[in-house]
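Single-structure report; data block below.
Structure below.
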């Protein structure tokens, strides 16, 4: 301590601005407080937000469907009839994904569409890989179930192990890729509700 200063005097402090991240958080907190002080302001903004139109939903559906149709890896190596059946299954699942975005604006819809459309693609690729094998890989049915659950969300009721074994048996019994894809579609439809 400096002996020349009286004990009541504090050393001079520098007034530096807080880091940018702290400033941003302070601004966000202030903005939140001001919105909270205006009753109903947030509700009014949400109500005023544009809701998707039929054209918007149709455009989403077309975009997702076009992406599935354009991705040759989803059905690579399958006979044409099996590839068509698998694409039809993927399109039906994607249609449900898009329908679930009916009440969402574009930004929120993308948050739903991206992971769920990815799950549809993963299910299709896993089915394509297994369709030409004599028996599905040990974890194939569990993988299809996981991907269907992600893609269809609340519309899919995960099956019990007996139902999964029944699908594996139906898969083996079908023998041909087209019959196997049909068995997979029945399985997904039996465990889905609209």
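Numbering (the working numbering), first residue to last: 35 to 228. Beta carbons: idealized from backbone N, C-alpha and C, even for Gly.
From the options, residue whose alpha carbon lies closest to that of residue i
i           : options            : result
residue 88  : 114, 138, 118      : 138
residue 146 : 157, 158, 132, 156 : 132
residue 100 : 112, 188, 124      : 124
residue 97  : 119, 223, 143, 201 : 143
residue 192 : 154, 182, 103, 129 : 182
residue 212 : 95, 122, 103, 94   : 122
residue 127 : 187, 198, 172, 209 : 187
residue 105 : 206, 201, 217, 155 : 155
residue 157 : 219, 199, 194, 141 : 219
residue 160 : 108, 194, 217, 91  : 108
residue 190 : 113, 130, 90       : 130
residue 91  : 102, 140, 113      : 140
residue 148 : 114, 171, 102      : 102
residue 194 : 171, 221, 210, 172 : 221
Buried versus exposed, by CB contacts within 10 Å (16 or more), residue i
i           : result
residue 225 : buried
residue 223 : exposed
residue 94  : buried
residue 202 : buried
residue 196 : exposed
residue 116 : buried
residue 153 : buried
residue 136 : exposed
residue 227 : exposed
residue 164 : buried
residue 177 : buried
CB-CB length for residue i against residue j, believed under 8 Å
i           : j           : result
residue 150 : residue 184 : 6 Å
residue 166 : residue 111 : 6 Å
residue 179 : residue 120 : Not confirmed; about 17 Å, so no contact.
residue 217 : residue 205 : 6 Å
residue 199 : residue 208 : In fact, because the Cβ distance is near 15 Å, the residues do not count as touching under 8 Å.
is_contact[residue i, chain D] using C-beta, thresh 8 Å
i          : result
residue 87 : Among the chains in the structure shown there is no chain D, since it carries only a single protein chain.
Cβ-heavy atom distance, residue i to the ligand NAP, below 7 Å
i           : result
residue 200 : The ligand NAP is not part of this structure, which contains no ligands at all.
Fill in: Completely contained alpha helix (DSSP H) runs for the stretch 133-201, where each covers 4 or more residues
140-165, 174-186
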